[in-house]
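Residue numbers (the numbering used here): 1 to 200. Think of the CB as a built atom: it goes at the ideal place given N, C-alpha and C, for glycine as much as any other residue.
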């Protein structure tokens with residue numbers, strides 16, 4: 001599986017047969033992100049679907065529930081009007097926290113994403129989770145890989161903190177890359193890995 005970042009909370013997960021896009025919309029009401037082309041697109045905010053240019057063949061998921069398409073399993077759960085997703089892709093569990101805000105999460109809230117291999121979480125503050133809040137969530141979930149979203153790089157006109165604030169808070173040396181390739185057998189077994197993607 002290859003993970004790439006296209007700004008804000010817009011990520012693409014893909015392999016040679018399948019692709020999934022997360023939140024393929026802007027958060028600054030200005031930036032144009034182009035037409036979405038993937039097998040599946042998940043939306044944490046259902047009101048964004050109508051504003052997003054999505055190819056006709058894309059299977060859109062914008063509400064809580066369980067979904068399956070092309071060997072990709074998607075489980076959605078609503079937390080404070082934000083839908084959090086657990087995506088099972090190539091036998092790996094990816095927790096996508098969407099536009100998670102400043103709320104404290106209960107054990108019930110976290111049940112869906114517990115045991116995730118990869119966690120994608122906003123870290124830039126503003127209306128979304130701060131570096132400190134993201135770090136607290138990471139300590140609760142203990143994923144093997146963390147990918148920060150919604151920080152200054154890749155947030156265009158949205159006011160957000162620099163990812164360096166989060167790096168300092170989490171205390172891990174990051175791997176910086178444009179595309180992150182990962183197979184289940186290569187998931188770290190002992191130490192947590194921090195991956196910072198460059199927005200493309």
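Residue 103 sits in coil when the DSSP states are folded into three classes, being neither helix nor strand. Exclusion of the five residues before and after residue 89 leaves 1, 13, 20, 72 as the residues of its chain whose Cβ lies within less than 7 Å of its Cβ.
Only exposed fits residue 53, as fewer than 16 other CB atoms lie within 10 angstroms of its CB. Here residue 138 is near residue 170, since their CB atoms are less than 8 Å apart.
Under the rule that a run must span 3 or more residues, the beta strand (DSSP E) segments found entirely inside the stretch 34-61 read 40-42, 59-61. The shortest CA-to-CA distance from residue 144 to any of 172, 133, 122, 154 is the one to 172. When C-beta atoms of the stretch 39-58 are compared with those of the stretch 90-103, three or more pairs fall below 8 Å, so the two segments count as touching.
In the DSSP assignment, residue 76 is bridged to 65, 85. Close CB contacts of residue 7 within its chain, under the 8 Å cut and outside five residues either way in sequence, are with 26, 31, 33, 154, 155, 156, 199 (chain order). Annotated three-state conformation of residue 114 is coil, per DSSP. Looking at 62, 91, 79, the one whose alpha-carbon comes closest to that of residue 104 is 79. Distance between residue 178 and residue 116, taken at the CA atoms: about 22 Å.
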